[in-house]
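Numbering of the sequence shown is given in the working numbering, commencing with residue 201 and proceeding in unit increments.
First up is the structure itself, then whatever we jot down about it.
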Amino acid sequence: GEKKPDVGVGIVFESTKEGDTGLVVANLPEGGSARASNQIQIGDELVAVGGTDVTEKTPRDIAPLMLGPEGSAVTLLLKRREKTRTVCLRRGFVMQNSPGVTILESDR
Numbered sequence: 201g202e203k204k205p206d207v208g209v210g211i212v213f214e215s216t217k218e219g220d221t222g223l224v225v226a227n228l229p230e231g232g233s234a235r236a237s238n239q240i241q242i243g244d245e246l247v248a249v250g251g252t253d254v255t256e257k258t259p260r261d262i263a264p265l266m267l268g269p270e271g272s273a274v275t276l277l278l279k280r281r282e283k284t285r286t287v288c289l290r291r292g293f294v295m296q297n298s299p300g301v302t303i304l305e306s307d308r
């Protein structure tokens, strides 16, 4: 069959340091699993994606780490006020009209 395009979790990052590094969450678009999880806030600093340190990476560098098949899981290490925590999200988008649903079940 056709390969489906890879998807992310709906986080827009901006860089806060010289050289485009120091990634923080700039936006959580509606319908993304990141927003639906309620575990991520604007301003959170991204430390690692799936075990890969990204503190010296640019938004362009991390795109391939963030993207993957719809429904696959990605683990983010985020830092807020010196506290780090791990958030596991499923890639894909959440339907707008069904509140409370955070994981897309694809019917195969």
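Just so you know, even glycine gets a beta-carbon here, dropped at the ideal spot from N, CA and C.
Residue range of the unbroken beta strand (DSSP E) whose run includes L223: L223 to N227
Among the residues of its own chain, which have a CB less than 6 Å from the CB of I177, if the five just before and after it don't count? Any property of residue 177 remains undetermined from this structure, which presents the chain solely from 201 to 308.
Would R291 be called buried (16 or more neighbouring beta carbons within 10 Å of its own) or exposed? buried
Do you know offhand how far N227's Cα is from V274's? 18 Å
Got a sec? Which residues, its chain only, sit under 8 Å from S298 by beta carbon, not counting five neighbours each side? Low local confidence applies: a pLDDT of 48 at S298 is under 50, so the model's placement there is unreliable, and no value is given.
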